[in-house]
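In what follows, a structure is listed as structure tokens, so that the remarks can point back to it.
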Amino acid sequence: MSGCERLAPPPAHEQPKPAEDSAPTASAPAAEATGAQAHADDSALESAISPGEIPEATDRYPAPARLIAIGDVHGDIQATRKALQLGGAIDAEDHWIGGELVVVQTGDQLDRGDDEQAILELLAKIQREAAAAGGAVHLLNGNHEYMNALGDLRYVTPGGFSDFEDAPGVDPARPELAEVMAQAPKPTHARVAAFWPGQPWAKELAKRNMIVVVGDSVFVHGGVTPAWAGKIESINAESRAWLAGERAEPPAAVVDSDGPVWSRHYSDAPDAGDCAMLEEALEIIGVRRMVVGHTVHTEGVVSACGGQVWMIDVGMAGYYGGPVEVLEVREDSVTVLR
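This is how it looks when you write it as structure tokens:
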């Protein structure tokens, strides 16, 4: 699938407006929000933001004593920090204080806000710090991460375009990008050079899974239907390979309208049929519950299907203005932290 025809930014009147209380846009002083811009090459990218490879060749991890799950943060670094602080993961200086805590972020860090580079840096940093302390940070890709890799830039803010113009490792003049750059409008060049499959920031996203199982819970951005429930390992491997530039076409799980990052069966007022589908998927995966983002619930975290699904996209980013809430799992106990 070619994303070239979708590379143009939307008309100005369709561009999302950054919230007034979000971090500075790229046109304003933003040293704290865009620290990676001080670096200028691939080696700097590696040292500045690389979280390292997935530590184990597995999609399943044992249940920790305590886990928190965070939904969509969409380009809002302040909301991201607040969620991590609320869950006891970081302090006011962005240092990991969670010890053996496990954090799962269910994707959609990109789009709708100007702070994406800062968010990617922060999450990479605490992923390394958590591992050193005996904890873990599992970062998943949502549909908006894959949309950027596909060249679908409809939800990128003006600041999101300019922020990557001097981002580490980004070079629109690379020979392998010649064809796509010839078709891409000039304002999109840096963004495309960052997130096109095989390019530096896409390779960072390639270190993440689409679906992960931790203890009795499966985490995914949209939802895992029975048709996908037995394919978690291949879904993750294929999506990572595509982002890394190791396969030409995006896998079906990335583009299928009912795939794991697009499905809304369980996140948008699931009915009896959806709950039956969920129960079947959970049985195939071998877990008790599914935790999803994707569909905004500004009223806060909600559950359905007798507690078998938890919907954690509360629209905490400034674009939506929802509350900052996180889900906490301790053995058999599931709690919403507000």
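Quick note: to get the numbering used here, add 11 to the position in the sequence shown (first position is 1).
Idealized CB from N, CA, C, for every residue including glycine.
Going by beta carbon distance, what residues of the same chain come within less than 8 Å of residue i, once the five residues before and after it are set aside?
i    : result
D267 : W273
I323 : A80, I81, G82, T117, V302, V303, G304, V312, E336, V337 and L338
D52  : For D52, the pLDDT reaches just 42, beneath the cut-off of 50, and the residue's location in the model is therefore unreliable, leaving the point undetermined.
W321 : A80, R300, M301, V302, V303, V312, V313, S314, L338 and V345
Label residue i either buried or exposed according to how many other C-beta atoms from any shown protein chain fall within 10 Å of its C-beta, with 16 as the threshold for buried.
i    : result
H106 : exposed
T346 : exposed
R341 : exposed
S245 : exposed
R202 : buried
D83  : buried
A129 : buried
A193 : exposed
S344 : exposed
A189 : exposed
D102 : exposed
T168 : buried
K214 : buried
T199 : buried
R349 : exposed
P261 : buried
For residue i and residue j, which I take to be in contact (beta-carbon distance under 8 Å), what is that distance rounded to the nearest angstrom?
i    : j    : result
A328 : G86  : 6 Å
Y330 : G124 : 6 Å
S250 : A264 : 6 Å
V223 : L151 : 6 Å
G234 : P271 : 7 Å
V303 : V231 : 6 Å
E339 : G98  : 7 Å
M158 : T236 : Not confirmed; about 20 Å, so no contact.
G162 : E127 : About 16 Å; that fails the 8 Å criterion.
L216 : A160 : 7 Å
I88  : L134 : The pair is not a contact, with the Cβ atoms about 10 Å apart (cut-off 8 Å).
E238 : P281 : As written in the sequence, residue 238 is Ala, which differs from the Glu given in the question. Actually they are not in contact, since the Cβ atoms of A238 and P281 sit about 17 Å apart, beyond 8 Å.
A195 : I137 : With a Cβ gap of about 33 Å, A195 and I137 do not count as contacting.
Looking only at its chain, what residues have a beta carbon closer than 7 Å to the beta carbon of residue i, apart from the 5 residues adjacent to it on each side?
i    : result
D285 : H276 and Y277
D279 : T306
G241 : I295
A205 : F175, A178, V181, P211 and W212
V325 : G82, H308, T309, G311, V312, G333, P334 and E336
Y166 : P27, D122, R123 and H155
T69  : none
E291 : P237
Sorted by chain position, which residues of the same chain lie with C-beta nearer than 6 Å to residue i's C-beta, five sequence neighbours on each side aside?
i    : result
G209 : G256
P75  : V113
R77  : L112 and R341
Q120 : V84 and I130
E140 : W107
G153 : G118, D119, H232 and V272
V115 : A80, H149 and F230
N247 : D70, N220 and M221
With DSSP as the reference, identify every bridge partner of residue i, one or two as the case may be.
i    : result
T107 : The sequence shown places Trp at residue 107, not Thr. BP columns for W107 point to I101.
A147 : V113
V347 : L338
M322 : V303 and V313
I88  : Beta-bridge pairing links I88 to no other residue.
R71  : V224
M229 : Checking the sequence, you will find Val at residue 229 rather than Met. According to DSSP, V229 bridges with V224 and M301.
A80  : V115 and L338
With hydrogens ignored, establish whether the beta-carbon of residue i is closer than 6 Å to any heavy atom of the ligand NAP.
i    : result
I101 : This structure does not include the ligand NAP; it has no bound ligands of any sort.
Cβ of residue i less than 7 Å from any chain C Cβ?
i    : result
A129 : The structure shown contains no chain C; it is built from a single protein chain.
Are the stretch 293-311 and the stretch 86-103 touching, with three or more C-beta to C-beta distances below 8 Å? These segments do not touch.
Just checking, does the stretch 140-157 make contact with the stretch 181-188 on the three C-beta pairs under 8 Å criterion? Segments in contact, no.
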